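**Student:** Just dropping this structure here.
2 protein chains.
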Amino acid sequence: MTDTESSLRGPLQHLESQLLNQQGDIEAWFRRQWLQTPAPFYASVDLRNAGYKLAPVDTNLFPAGFNNLAPEFEPLCIQALQSAVDRICPTARSLMVIPENHTRNRFYLENVARLVELMRKAGFDVRIGSLMPDLKTATDIELDSGRPLRLEPIVRQGNKLGVEGFSPCGLILNNDLSSGQPDILAGVEQPIMPPPTLGWDHRTKSEHFTVYSQVAGEFAESVGIDRWLIDPLFRNCGQINFMKREGEECLASNVEMLLASIRQKYDEYGISDEPYVVIKSDAGTYGMGIMTARSPDDVTSLNRKQRTKMSSGKEGRDVTGAIIQEGVYTREQWGAQQASAESVLYMIDRFVVGGFYRVHTGRNTTDSLNAPGMEFHPLPFADGASRPDPQLDPDAGPNRFHAYGVVARLALVAAAREIAQSGTDDE
Amino acid sequence: MTDTESSLRGPLQHLESQLLNQQGDIEAWFRRQWLQTPAPFYASVDLRNAGYKLAPVDTNLFPAGFNNLAPEFEPLCIQALQSAVDRICPTARSLMVIPENHTRNRFYLENVARLVELMRKAGFDVRIGSLMPDLKTATDIELDSGRPLRLEPIVRQGNKLGVEGFSPCGLILNNDLSSGQPDILAGVEQPIMPPPTLGWDHRTKSEHFTVYSQVAGEFAESVGIDRWLIDPLFRNCGQINFMKREGEECLASNVEMLLASIRQKYDEYGISDEPYVVIKSDAGTYGMGIMTARSPDDVTSLNRKQRTKMSSGKEGRDVTGAIIQEGVYTREQWGAQQASAESVLYMIDRFVVGGFYRVHTGRNTTDSLNAPGMEFHPLPFADGASRPDPQLDPDAGPNRFHAYGVVARLALVAAAREIAQSGTDDE
Chain A
5 MTDTESSLRG
15 PLQHLESQLL
25 NQQGDIEAWF
35 RRQWLQTPAP
45 FYASVDLRNA
55 GYKLAPVDTN
65 LFPAGFNNLA
75 PEFEPLCIQA
85 LQSAVDRICP
95 TARSLMVIPE
105 NHTRNRFYLE
115 NVARLVELMR
125 KAGFDVRIGS
135 LMPDLKTATD
145 IELDSGRPLR
155 LEPIVRQGNK
165 LGVEGFSPCG
175 LILNNDLSSG
185 QPDILAGVEQ
195 PIMPPPTLGW
205 DHRTKSEHFT
215 VYSQVAGEFA
225 ESVGIDRWLI
235 DPLFRNCGQI
245 NFMKREGEEC
255 LASNVEMLLA
265 SIRQKYDEYG
275 ISDEPYVVIK
285 SDAGTYGMGI
295 MTARSPDDVT
305 SLNRKQRTKM
315 SSGKEGRDVT
325 GAIIQEGVYT
335 REQWGAQQAS
345 AESVLYMIDR
355 FVVGGFYRVH
365 TGRNTTDSLN
375 APGMEFHPLP
385 FADGASRPDP
395 QLDPDAGPNR
405 FHAYGVVARL
415 ALVAAAREIA
425 QSGTDDE
Chain B
5 MTDTESSLRG
15 PLQHLESQLL
25 NQQGDIEAWF
35 RRQWLQTPAP
45 FYASVDLRNA
55 GYKLAPVDTN
65 LFPAGFNNLA
75 PEFEPLCIQA
85 LQSAVDRICP
95 TARSLMVIPE
105 NHTRNRFYLE
115 NVARLVELMR
125 KAGFDVRIGS
135 LMPDLKTATD
145 IELDSGRPLR
155 LEPIVRQGNK
165 LGVEGFSPCG
175 LILNNDLSSG
185 QPDILAGVEQ
195 PIMPPPTLGW
205 DHRTKSEHFT
215 VYSQVAGEFA
225 ESVGIDRWLI
235 DPLFRNCGQI
245 NFMKREGEEC
255 LASNVEMLLA
265 SIRQKYDEYG
275 ISDEPYVVIK
285 SDAGTYGMGI
295 MTARSPDDVT
305 SLNRKQRTKM
315 SSGKEGRDVT
325 GAIIQEGVYT
335 REQWGAQQAS
345 AESVLYMIDR
355 FVVGGFYRVH
365 TGRNTTDSLN
375 APGMEFHPLP
385 FADGASRPDP
395 QLDPDAGPNR
405 FHAYGVVARL
415 ALVAAAREIA
425 QSGTDDE
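Chains A and B, in that order, are what the protein sequence lines are.
Whatever position you read off the first sequence (first residue = 1), add 4 for our numbering.
Whatever position you read off the second sequence (first residue = 1), add 4 for our numbering.
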């Protein structure tokens, strides 16, 4: 079902066996990382598996989609939440979740309800404090899942945030702050996890992938693999305005250079795929403002509609910087239709706590699958019994999940370093 | 398959729903406990479920049987091991396991190999340092499972223990020290988990159940249940010598008093079972030196063979103290033969990481099942998808596993308090 063409599997099988054979060393390597830079509160990572390459293409520090995790992951989530919160509020038990303002997105609201449910099951008093300016009183929202969801307006007393009658010990941010830092978060004395400085108003994808590339390089050296097998190449451009065609030359020349670099690696490994790149907003998006290019012409020949699409970031924000990232083919397929699939792995604290397939029946192996029409399905190789087993084929289900968990955690290490850097920059 | 007679399930269902409805409060209660007294490194707890009562009957701080845990528990084990070791050796990665000296017990050796495998998968360098006086060189043992197992003689350099060429950061004791504290452990500067003062040469079951009873009382009050539903009554006698019939009167009168107390509770709940008690060595046993009694006469009328059996503790140690514990019927049954079963739950750090059924086809609902001929089977109600769900019947599988995990962790809290007390007594 998820088999990739066997001719393409050689390098990945090599990677998977390297990761498998060195499992203890790798866990020790991660432990050293977490001692230097504690893991973020939570994260999700999109992974694409080309058969010859397994790489993260996006790291979300304010993950949505907890409602898509299969129930068998619940014990891992609860255990990790208890570990994570112990670092923030060892003696208290109350937490406030600050969600996105999308009250019309039922999927997102299901995510919030599920996250809160997991936190309650882990033994915390949890209330949801909304940043929505027009929310004046506590509001119950009915969800298809039947899970309770009550949004309450945030109340600020001095430098503490809460909701009416509730002064939480810590704040859990599930809002990526795409539209900027709300004043109400400024100077708050409670710990905010992840820190608001990691919001998309501060963070860029190219910063993340710069740090990721360092992390992947250190890891690849310690494990003895070619870093390219886990590291997507990228370049970036500063000020881009698609509508005004500003920055187009920078984009076109970077696309050309990046395609050449990818072609060089493909030649080295004898890969016959056609190189492509993905151009995305350098700040967060919800699947908007993404395009693929196989030549510089693809950038210069955009029509008006395409330019408009590239300009519409989340909450109407104009795209200002762009990252041009190596396109990683996804050769995972789901179901009888053989729909293109990519894996999304979830982490809480330093632990991989679950994942799912993002599947899109209308997209192909090079398209972004994070688009309207996407579906979520359980990872076929990560049932409750998943654990690496050197006696199985390196590409067997549990071993594959292990490899995915390693690569996803490399992105988590990168995010941890970003948090450490943002702390020294901003505080 | 595991259904108890429905007429007996009323009180337990009440217990299970109470535990279910208060899941968040209960987790918060446990968090407060762990802040006061950190959890032991690991433990296993034997639970018996009478349908109306769910109680721990034995708590092992040096658990064997990790090889009996179903593979789906591996991710939980690894996650918990990482949490547990971080408290002992945050910066180092090497650990030495000190096992029992039973080199002829293949089952026990499989346990050691599995425990070491789990620790290696969690990212630690692990070697096995044996206390066996006749082990002079590193010895590889072949196991049916194919797992590697190398025992090495412990080397002491100054106040540090290790094996040749290996100086571990911490020592993990998997030896209950029934035969006393070996000199080589005295004054060792590395952390030893659990502390050797918790060995059966120091610890007694009646001390454990005294502390457990306090813990159960506090918990029962906070949750609003009758503590008896989770707390086995017990009494104890000091010096007992079954061969010389010393202490027999103490035993007989305590059996009589305890039977009367049990009868009183049975009457209160309208339970028609015949009360019985279990008499065990107050220090650890491997299922030896255990008898049941339904009247004081059962104690005074023992024949020579029965007396000999009660005298033979582990490693030939005479039984000196005895605990007389309320007998808890086990109404869990396994398989087509409806063999009597009891649950054994495993914990690492503060987390429930797995469990199995101990099944004995030759024993009945009142017998100890920890006896030659026992088998181990997966818990039918604890597959990978287990998690409490208030929308299911309170006695449904996942909810039952939740209730079991709560009661097992109460025994873990008691053990944590024992460790705290032993620390102030002995150090």
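Glycine included, C-beta positions come from ideal geometry on N, C-alpha and C.
Computed from a predicted model, the values in this text were never measured in an experiment.
Any beta carbon of chain B sitting closer than 8 Å to that of Y94 (chain A)?
**Tutor:** The residue you asked about is not Tyr; residue 94 (chain A) is Pro in the sequence shown. True, the Cβ-Cβ gap to chain B drops below 8 Å.
**Student:** Looking at chain E, which residues of the region 27-38 of chain A have a Cβ within less than 9 Å of any of its Cβ atoms?
**Tutor:** Included in the structure are the protein chains A and B, with no chain E among them.
**Student:** Buried or exposed for E194 (chain B), please, with buried defined as at least 16 other CB atoms from any protein chain shown within 10 angstroms of its CB.
**Tutor:** The sequence as given places Gln at residue 194 (chain B); Glu does not occur at that position. Buried: at least 16 other Cβ atoms inside 10 Å.
**Student:** Provide the residue(s) that pair with I102 (chain A) in DSSP beta bridges, ordered along the chain.
**Tutor:** Paired residue(s): A:L177.
**Student:** Considering Cα atoms alone, identify which of A:A220, A:C173 and A:V215 is closest to M197 (chain A).
**Tutor:** Closest by alpha carbon: A:C173.
**Student:** Using a Cβ-Cβ cut-off of 8 Å (strictly less than) and excluding sequence neighbours within five positions of Q22 (chain B), which residues of its own chain qualify?
**Tutor:** Within the same chain, Q22 (chain B) has close Cβ partners V227, G228 and I229.
**Student:** Once you ignore the five residues that flank E432 (chain A) on each side, which residues in its own chain have a CB closer than 8 Å to its CB?
**Tutor:** Any property of residue 432 (chain A) remains undetermined from this structure, which presents chain A solely from 5 to 431.
**Student:** Say whether chain B places a C-beta atom closer than 8 Å to the C-beta of G274 (chain A).
**Tutor:** No, G274 (chain A) lies away from the interface with chain B (no Cβ there is under 8 Å from its Cβ).
**Student:** Please identify, using Cβ separations under 9 Å, the residues of the region 330-348 of chain A that lie next to chain B, in order along the chain.
**Tutor:** Correct list: empty, as no residue qualifies.
**Student:** Is G228 (chain B) close to chain A, meaning its C-beta is less than 8 Å from at least one C-beta of that chain?
**Tutor:** So no, G228 (chain B) is outside the interface.
**Student:** If you follow the beta strand (DSSP E) that Y361 (chain B) is part of, which residue opens it and which one closes it?
**Tutor:** Y361 (chain B) -> beta strand (DSSP E) spans F355 to H364.
**Student:** Short of 7 Å in beta carbon distance, which residues of its chain neighbour S426 (chain A), apart from the five on each side in sequence? Order them along the chain.
**Tutor:** Counting only Cβ-Cβ distances below 7 Å, and skipping sequence neighbours, we find P199, T201, L202 and H206.
**Student:** Please tell me whether G127 (chain A) and G409 (chain B) are closer than 8 Å, where the distance is taken between their beta carbons.
**Tutor:** Cβ distance not < 8 Å, so G127 (chain A) and G409 (chain B) don't count as in contact.
**Student:** Closest by CA to N368 (chain B), which one among B:I423, B:G69, B:R311 and B:T334?
**Tutor:** N368 (chain B) has its Cα closest to that of B:T334, out of B:I423, B:G69, B:R311 and B:T334.
**Student:** If you run the structure through DSSP and keep just helix, strand and coil, what is R46 (chain B)?
**Tutor:** The sequence shown places Tyr at residue 46 (chain B), rather than the Arg named in the question. Strand.
**Student:** Closer than 8 Å, Cβ to Cβ, to anything on chain B: give me those residues from the region 114-135 of chain A, in chain order.
**Tutor:** Cβ contacts with chain B: R124, K125, A126, G127, F128 and D129.
**Student:** For a cutoff of 8 Å on Cβ pairs, would you count P79 (chain B) as touching chain A?
**Tutor:** For P79 (chain B), the answer is yes, since a Cβ of chain A falls inside 8 Å of its Cβ.
**Student:** Expressed to the nearest angstrom, what Euclidean distance is found between the alpha-carbon atoms of I30 (chain B) and A418 (chain B)?
**Tutor:** The alpha-carbon atoms of I30 (chain B) and A418 (chain B) are separated by roughly 16 Å.
**Student:** Using 8 Å as the limit for Cβ to Cβ distance, is Q83 (chain A) near chain B?
**Tutor:** Q83 (chain A) counts as touching chain B.
**Student:** Identify the contact partners of R97 (chain A) in chain B, using a Cβ-Cβ distance below 8 Å as the criterion.
**Tutor:** Those within 8 Å of R97 (chain A) in chain B are A32 and R35.
**Student:** Report the three-state DSSP secondary structure of I266 (chain B) (helix, strand or coil).
**Tutor:** Of the three classes helix, strand and coil, the one that applies to I266 (chain B) here is helix, per DSSP.
**Student:** Tell me the residue span of the beta strand (DSSP E) that contains G166 (chain B).
**Tutor:** Looking at the DSSP string, the run of the beta strand (DSSP E) that includes G166 (chain B) is K164 to G166.
**Student:** Does DSSP classify V332 (chain B) as helix, strand or coil?
**Tutor:** Of the three classes helix, strand and coil, the one that applies to V332 (chain B) here is coil, per DSSP.
**Student:** Is the CB-CB distance between W204 (chain A) and A264 (chain A) below 8 Å?
**Tutor:** Contact flag unset, no.
**Student:** With D301 (chain A) as the anchor, note down where its alpha helix (DSSP H) starts and where it stops.
**Tutor:** Looking at the DSSP string, the run of the alpha helix (DSSP H) that includes D301 (chain A) is D301 to T304.
**Student:** Quick one: residues in its chain with C-beta nearer than 8 Å to the C-beta of Y112 (chain A), no 5 flanking neighbours on either side, listed in chain order?
**Tutor:** Contacts found: A68, P103, E104 and H106.
**Student:** Return the first residue and the last residue of the beta strand (DSSP E) that S171 (chain B) is part of.
**Tutor:** Taken as a continuous stretch (DSSP letters only), S171 (chain B) belongs to no beta strand (DSSP E), as it is neither H nor E.
**Student:** Give me the Cα-Cα distance between D235 (chain A) and L58 (chain A), rounded to the nearest whole angstrom.
**Tutor:** Distance between the alpha carbons of D235 (chain A) and L58 (chain A): 8 Å.
**Student:** Count the other CB atoms, across all protein chains shown, that sit within 10 Å of the CB of K209 (chain B); report buried if there are 16 or more and exposed otherwise.
**Tutor:** By the neighbour-count rule (16 or more Cβ atoms within 10 Å), K209 (chain B) is buried.
**Student:** Rank B:I352, B:G366 and B:R239 by C-alpha distance to the C-alpha of A88 (chain B) and give the top, closest one.
**Tutor:** That would be B:I352, whose Cα lies nearest to the Cα of A88 (chain B).
**Student:** Among the residues of its own chain, which have a CB less than 8 Å from the CB of Y361 (chain A), if the five just before and after it don't count?
**Tutor:** So the list reads E336, W338, A345, E346, S347, V348, F380, H381, P382, L383 and P384, once near-sequence residues are dropped.
**Student:** At a CB-CB cut-off below 7 Å, which residues of chain B make contact with S87 (chain A)?
**Tutor:** Result: S87.
**Student:** Tell me, which residues are paired with L51 (chain A) by DSSP?
**Tutor:** Bridge partners of L51 (chain A): A:P60 and A:S347.
**Student:** Out of B:D301, B:A256 and B:R52, which has the shortest C-alpha to C-alpha gap to V363 (chain B)?
**Tutor:** Considering only alpha carbons, the answer is B:R52.
**Student:** Quick one: any contact between the region 30-48 of chain B and the region 93-100 of chain A, if contact means 3 or more CB pairs under 8 Å?
**Tutor:** At 8 Å Cβ cutoff, the stretches touch.
**Student:** Report the rounded CA-to-CA distance for P376 (chain B) versus F66 (chain B), giving the unit in angstroms.
**Tutor:** The straight-line gap from Cα to Cα measures roughly 20 Å.
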